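A.B. asks: When we follow the UniProt record's numbering, the leftmost residue of the sequence shown carries the number 1, and every step to the right adds one. Glycine residues also receive a C-beta, built at the ideal position from the N, C-alpha and C atoms. These numbers come from a predicted model, not from an experiment. Take a look at the following structure, please.
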Amino acid sequence: MTTVKTSSARLPQLPIATLLDELALTLQHHHQLVLDAPPGAGKTTLVPLALRTAEWLRGRKIVMLEPRRVAAKAAAVRMAELLEEPVGKTIGYTMRLEQKCSRDTIIEVVTEGILTRRLQQDPSLDDTALVIFDEFHERSMHSDLGLALCMQSRELLRDDTDPLKLLVMSATLDAQAIADLLGGAPKLTSAGRSFPVEVTYAQHTPSRADLVSILATTVVQALNKHSGDCLVFLPGQREIHQLKAALSESLSNEVAVMPLYGSLSLAEQQKAISPLTTDQIKTRKVVLATDIAETSLTIDGVHIVVDSGLARKPKFDPRTGMTRLHTGPISIASSIQRAGRAGRLAPGNCYRCWTETAQHQRAAQATPEILQSDLAPLAMQLLQWGVNDPQQLQWLDEPPKPAFQQACDLLFRLKAIDTPTACVLNEHGQAMAMLPLHPRLAHLLLVATEFGRLPLAASVAAILSEAIPDIGQHTDLMFVVETVEGRRSLPSQHRAWLQRIRQQRGLLLSLLSHNREANSTDEDLNALGLLIASAYPDRIARKRTQSRNRYLLANGRAAQLSPNDSLAGTEWLAIADIGGVTNQSEDRIFAAASLTKEDLNSGLAAQKTQERVIEWRENRVLAQDQVRIGAILVEQRAASNVTAEDRTAATLNYIRLQGLGVLPWNSDINQWRARVALVRENDNSSALWPDLSDEALMETIDNWLAPYLIDIDNLQSLKRLDLASIVHAQLPWSQQQLLEQLAPTRIKVPSGNHISINYLQSPPQLEVKLQEMFGCEETPSIINGKVALLIHLLSPARRPLQITQDLAGFWRNGYEAVKKEMKGRYPKHPWPDDPLSAQATQLTKRRLSADAKK
């Protein structure tokens with residue numbers, strides 16, 4: 001293998017090697033740099049090694065962020081191997097629950113949360129010369145936050161003589177956007193090292209129900225057709241275990257099937273990515289992975305990729321305050337990354353379980369985590385940093401305001417801040433921020449300290465920090481806590497999880513100066529529901545009436561247990577883990593504990609609110625004094641001393657909800673309102689005519705209707721309102737008189753009759769027999785001639801013959817044709833040749849003749 005000389009080490013000749021000298025020179029003269037390098041370029045291992053002897057380090061170290069634990073450890077191990085040193089000397093790593101560093105460490109690989117907490121403890125990062133953000137295209141919330149904090153840190157606390165240099169390395173993201181964020185940082189682009197990958201698409205995109213069986217078939221066919229190991233991308237652990245079970249029945253004993261996902265132990269993850277040892281019976285392997293294997297990791301021996309095309313990501317809904325796991329199509333960029341895994345070491349093959357047409361319809365990039373996740377941890381970090389508005393920092397994508405406000409609202413409920421608007425951490429909030437946990441779990445630990453229940457809380461916090469494995473379909477967290485504390489046995493396949501949880505539990509107890517080996521007492525366990533409710537006050541739940549397994553949550557959401565769950569039928573629950581599908585009204589409960597009446601009456605007393613509710617129900621006003629926990633009604637009783645003002649307000653609210661149609665309108669009132677509206681539109685006099693439209697009446701309902709509702713307390717009395725008088729009162733007497741002049745209800749026609757005008761039509765409509773308009777050449781009008789009526793000329797049987805606003809034109813051009821058609825049909829009625837000289841009448845010819853003889 002060709003190598004390049006870098007200090008005392010001989011490094012592999014990877015594509016990035018040709019850029020290393022230029023990269024080092026650029027960082028010598030600039031404090032920021034963007035490196036665009038595709039997968040396989042060697043940036044993760046060679047770039048830090050090439051910079052470890054730079055003069056500007058001055059005895060300080062390089063910190064490199066990796067989005068995932070397995071990638072961080074693998075990068076550190078690989079760099080140490082290249083230096084022929086043990087990990088912990090020149091190359092070290094730090095992650096949750098594990099650290100290997102020493103005084104000699106120059107390059108420290110860390111997971112992202114480590115950097116954020118280190119910045120909080122030492123905002124200037126005095127011991128660090130360079131921070132490298134590797135795989136920044138993954139756009140985790142921690143990497144976005146870490147970059148924003150580093151940029152402000154060096155601006156405020158470091159100067160040009162002692163700079164904090166920033167290097168952002170990305171494979172698929174827009175390098176120019178990152179360069180602009182860094183103030184016009186220089187950019188370098190490296191070629192990648194990848195071999196050709198032949199991509200095969202499915203004929204049809206399978207349904208979710210058929211996905212695992214299709215993948216199993218594809219894997220078997222691919223292994224039979226091609227050499228090398230196989231990497232399968234699946235959306236989550238459930239599908240991984242299902243596919244593993246399916247493959248165990250169809251693959252030979254020579255093929256090892258290994259899972260790879262985030263909650264596995266590092267040892268198990270390392271086993272999946274490492275080559276099979278020569279002494280093993282198995283000669284090939286199939287790695288079943290989530291998107292953890294998309295970037296950073298090179299899995300030795302993989303020449304085949306089978307891609308489900310799906311990923312499961314958390315998505316936060318500010319409206320409900322709930323995070324939902326959403327399974328959806330990966331982006332085009334992710335599909336390219338996944339396919340590239342097959343071509344890292346040699347030509348390979350990728351099988352995509354979707355159609356080529358569907359590929360072109362996918363989003364170009366995945367949505368950044370900061371735009372769709374629970375921002376409570378980010379808000380806590382910002383407040384600890386001294387920033388209460390994200391706009392004070394520079395972001396590639398600024399945190400959404402609704403989600404950030406939702407986070408502040410939660411911190412207020414957790415007593416970390418005193419008001420949800422003026423966001424400043426109080427003493428309790430500062431103590432929460434010091435704990436490496438989600439704010440909910442940090443609050444739980446501090447509350448438990450006050451209760452004297454810290455061992456139990458440490459177990460709960462450690463359990464809820466990770467996904468809970470399937471250890472017997474137990475929703476009841478009591479069962480899981482007892483398992484962690486050794487009171488119950490656990491299937492062997494979950495021993496690594498148990499060891500990790502116990503290690504995390506001990507760390508939490510140590511952080512709070514407690515004996516890390518202490519277990520909960522029986523009395524402690526009785527407080528489980530209360531502790532969970534303190535961390536998840538919005539998820540306190542009460543069983544719905546006449547249901548064993550359906551619950552109403554304090555946040556207003558609905559949720560359910562499996563009908564045969566051990567917790568089904570429990571009156572009150574504190575829910576720690578809940579999920580569902582977007583746009584579904586009912587969620588599924590995954591982890592909860594029961595709450596007792598004593599919990600409700602004592603420990604949860606602060607969650608209760610008391611209010612007087614006066615509202616319309618069952619067609620009448622009901623007044624009750626209610627005790628609630630959020631949306632949950634705990635108890636209620638009839639209210640006494642209800643005032644007329646309270647009843648009136650309730651009735652007004654009822655009308656606002658039901659609409660004005662609940663009032664006793666009739667045709668006469670609506671005609672009157674239409675007359676006022678027409679005059680308001682056409683009258684140019686000094687009189688100010690009110691707006692009596694539905695919208696205006698609803699907006700001013702407190703003014704025109706409220707005085708008449710004092711004695712109204714049921715639907716019958718509401719329907720008896722004299723609505724005509726109430727509405728007419730909107731006009732003073734003088735304006736009512738003027739209305740009769742400008743827009744009369746009836747108008748006199750040539751026959752002498754007074755015909756009503758229909759103001760509900762536009763323009764206003766006059767229906768009149770044709771014979772009654774003889775001699776009238778000018779179209780009747782109202783509002784001082786400004787509005788011509790629409791004349792419906794009727795037959796003697798009152799059927800329309802002509803509709804017109806031009807009566808003179810009708811007599812000249814239309815009457816003759818009507819006369820010819822109607823004269824034979826209605827011979828008893830007059831049809832004169834000259835209608836303008838004829839007598840207007842509603843009578844027949846015989847009646848006219850008889851009257852003439854008189």
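Please report the distance separating the alpha-carbon of residue 843 from that of residue 671.
C.D. replies: Along the sequence shown, read from residue 1 onward, the residue named residue 843 stands at position 843. Along the sequence shown, read from residue 1 onward, the residue named residue 671 stands at position 671. C-alpha of residue 843 to C-alpha of residue 671: approximately 30 Å in a straight line.
A.B. asks: Quick one: any contact between the stretch 499 to 519 and the stretch 447 to 455, if contact means 3 or more CB pairs under 8 Å?
C.D. replies: yes
A.B. asks: Can you tell me which of the three DSSP states residue 237 falls into?
C.D. replies: As a working note, residue 237 is residue 237 in the sequence shown. Residue 237: helix per DSSP, three-state reduction.
A.B. asks: Would you check if the distance between the CB atom of residue 304 and the CB atom of residue 342 is smaller than 7 Å?
C.D. replies: Mapped onto the sequence shown, residue 304 falls at position 304. Mapped onto the sequence shown, residue 342 falls at position 342. Taking 7 Å as the Cβ cut-off, residue 304 and residue 342 qualify as a contacting pair.
A.B. asks: Report buried or exposed for residue 630, applying the criterion of at least 16 other Cβ atoms within 10 angstroms of its Cβ.
C.D. replies: Sequence index remark: in the sequence shown, residue 630 carries index 630 (1-based). Result: buried.
A.B. asks: Is the Cβ-Cβ distance between residue 593 and residue 606 less than 7 Å?
C.D. replies: Position 593 of the sequence shown holds residue 593. Position 606 of the sequence shown holds residue 606. For residue 593 and residue 606, no; Cβs fall outside 7 Å.
A.B. asks: Which first and last residues belong to the alpha helix (DSSP H) in which residue 136 is found?
C.D. replies: Residue mapping note: residue 136 aligns to position 136 of the sequence shown, counting from 1. Neither: residue 136 is in no alpha helix (DSSP H) and is coded neither H nor E.
A.B. asks: Buried or exposed for residue 727, going by 16 or more other Cβ atoms inside 10 Å?
C.D. replies: Counted from its first residue, the sequence shown places residue 727 at position 727. Residue 727 comes out buried.
A.B. asks: For the beta strand (DSSP E) holding residue 793, just list the boundary residues, first then last.
C.D. replies: Within the sequence shown, numbered from 1, the residue matching residue 793 stands at position 793. Annotation for residue 793: the continuous beta strand (DSSP E) segment containing it runs 790 to 794.
A.B. asks: Could you work out which residue in 556, 543 and 544 is closest to residue 537 when comparing CA atoms only?
C.D. replies: Numbered from 1 along the sequence shown, position 537 holds the residue referred to as residue 537. The option with the nearest alpha carbon to residue 537 is 556.
A.B. asks: Please determine, among 500, 464 and 506, the residue with the shortest C-alpha to C-alpha distance to residue 531.
C.D. replies: Walking along the sequence shown from the start, residue 531 turns up at place 531. If we check each option's Cα against that of residue 531, 464 comes out closest.
A.B. asks: Out of curiosity, what's the CA-to-CA distance linking residue 25 and residue 333?
C.D. replies: On the sequence shown, residue 25 is found 25 positions in, with the first residue counted as 1. On the sequence shown, residue 333 is found 333 positions in, with the first residue counted as 1. Cα to Cα, residue 25 sits roughly 31 Å from residue 333.
A.B. asks: Is the stretch 28 to 48 touching the stretch 165 to 172, taking contact as three or more C-beta pairs under 8 Å?
C.D. replies: yes
A.B. asks: Measure the beta-carbon distance from residue 399 to residue 378 and round it to whole angstroms, keeping in mind my assumption that it falls under 8 Å.
C.D. replies: Indexing the sequence shown from 1 puts residue 399 at position 399. Indexing the sequence shown from 1 puts residue 378 at position 378. Their Cβ separation, rounded to whole angstroms, is 6 Å, which keeps residue 399 and residue 378 in contact under 8 Å.
A.B. asks: With DSSP collapsed to three states, give me the class of residue 315.
C.D. replies: Within the sequence shown, the letter at position 315 stands for residue 315. Here residue 315 sits in strand by DSSP.
A.B. asks: Between which two residues does the alpha helix (DSSP H) harbouring residue 758 extend?
C.D. replies: One-based indexing of the sequence shown puts residue 758 at position 758. Not the alpha helix (DSSP H): residue 758 falls in the beta strand (DSSP E), residues 754 to 758.
A.B. asks: May I ask you to report which of helix, strand or coil DSSP gives residue 17?
C.D. replies: Position 17 of the sequence shown, counted from the start, is the residue given in the question as residue 17. Three-state result, residue 17: helix.
A.B. asks: Kindly provide the ranges of any alpha helix (DSSP H) runs that are 4 or more residues long and lie completely inside the stretch 606 to 663, ordered along the chain.
C.D. replies: For the stretch 606 to 663, the full-length alpha helix (DSSP H) segments reaching 4 residues or more read 644 to 658 along the chain.
A.B. asks: For a test of the three-state rule: what should DSSP assign to residue 123, helix, strand or coil?
C.D. replies: Reading the sequence shown from its first residue, position 123 is the one you call residue 123. Correct three-state label for residue 123: coil.
A.B. asks: Buried or exposed, going by whether 16 or more other CB atoms sit within 10 Å of the CB of residue 134?
C.D. replies: One-based indexing of the sequence shown puts residue 134 at position 134. Buried, since its Cβ has 16 or more Cβ neighbours within 10 Å.
A.B. asks: Residue 604: which of 659, 702, 527 and 197 sits nearest, CA to CA?
C.D. replies: Start at 1 with the first residue of the sequence shown, and residue 604 comes out as number 604. Among 659, 702, 527 and 197, the Cα nearest to that of residue 604 belongs to 527.
A.B. asks: Taking residue 67 as the reference, which of 101, 156 and 139 has the closest Cα?
C.D. replies: Taking the sequence shown and counting its residues from 1, one reaches residue 67 at position 67. Here the closest residue by C-alpha is 139.
A.B. asks: Which complete alpha helix (DSSP H) runs does the stretch 161 to 243 hold, if anything under 4 residues is left out?
C.D. replies: 175 to 181 and 211 to 225
A.B. asks: Given this structure, state the Cα-to-Cα distance separating residue 84 from residue 501, to the nearest angstrom.
C.D. replies: As a working mapping, residue 84 is identified with position 84 in the sequence shown. As a working mapping, residue 501 is identified with position 501 in the sequence shown. If you take the alpha carbons of residue 84 and residue 501, they lie about 33 Å apart.
A.B. asks: Which word fits residue 711, buried or exposed, when buried means at least 16 other C-beta atoms lie within 10 angstroms of its C-beta?
C.D. replies: Along the sequence shown, one-based indexing puts residue 711 at 711. Classification for residue 711: exposed.
A.B. asks: Between the Cα of residue 570 and those of 554, 577 and 541, spot the shortest distance and give me the residue it belongs to.
C.D. replies: Here residue 570 is taken as the residue at index 570 of the sequence shown, counted from 1. Comparing Cα positions, the closest option is 541.
A.B. asks: To the nearest angstrom, how far is the alpha carbon of residue 206 from that of residue 358?
C.D. replies: Here residue 206 refers to the residue found at position 206 of the sequence shown. Here residue 358 refers to the residue found at position 358 of the sequence shown. Near 12 Å, if we compare the C-alpha coordinates of residue 358 and residue 206.
A.B. asks: With DSSP as the reference, label residue 519 as helix, strand or coil.
C.D. replies: Taking the first residue of the sequence shown as position 1, residue 519 is located at position 519. In this structure, residue 519 counts as coil in the three-state DSSP scheme.
A.B. asks: State the beta-bridge partners of residue 350 as determined by DSSP.
C.D. replies: Translated into the one-based positions of the sequence shown, residue 350 becomes position 350. In DSSP, residue 350 forms a bridge with 199 and 305.
A.B. asks: Taking its Cβ as the centre, do 16 or more other Cβ atoms sit within 10 Å of residue 869, making it buried, or is it exposed?
C.D. replies: One cannot answer for residue 869 here, as it falls past the ends of the chain, which runs 1 to 854.
A.B. asks: Tell me the DSSP bridge mates of residue 65?
C.D. replies: Here residue 65 corresponds to residue number 65 of the sequence shown, with the count starting at 1. Beta-bridge pairing links residue 65 to 110 and 133.
A.B. asks: Taking just the CA atoms, how far does residue 170 sit from residue 190?
C.D. replies: Taking the first residue of the sequence shown as 1, we reach residue 190 at position 190. Taking the first residue of the sequence shown as 1, we reach residue 170 at position 170. Taking the straight line from one Cα to the other gives about 11 Å.
A.B. asks: Who are the Cβ neighbours of residue 270 in its own chain at under 6 Å, not counting the five residues just before and after it?
C.D. replies: Along the sequence shown, one-based indexing puts residue 270 at 270. Excluding sequence neighbours, residue 270 sits near nothing in its chain.
A.B. asks: What are the residues that DSSP puts in a beta bridge with residue 443?
C.D. replies: Residue mapping note: residue 443 aligns to position 443 of the sequence shown, counting from 1. DSSP, once it has assigned bridges, lists no residue as partnering residue 443.
A.B. asks: Looking at residue 760: is its Cβ nearer than 7 Å to the Cβ of residue 674?
C.D. replies: Here residue 760 is taken as the residue at index 760 of the sequence shown, counted from 1. Here residue 674 is taken as the residue at index 674 of the sequence shown, counted from 1. Cβ distance < 7 Å, so residue 760 and residue 674 count as in contact.
A.B. asks: Any idea which residues DSSP pairs residue 572 with across the strands?
C.D. replies: Counting from one through the sequence shown, the residue named residue 572 turns up at place 572. DSSP output for residue 572 lists 542 as bridge partner(s).
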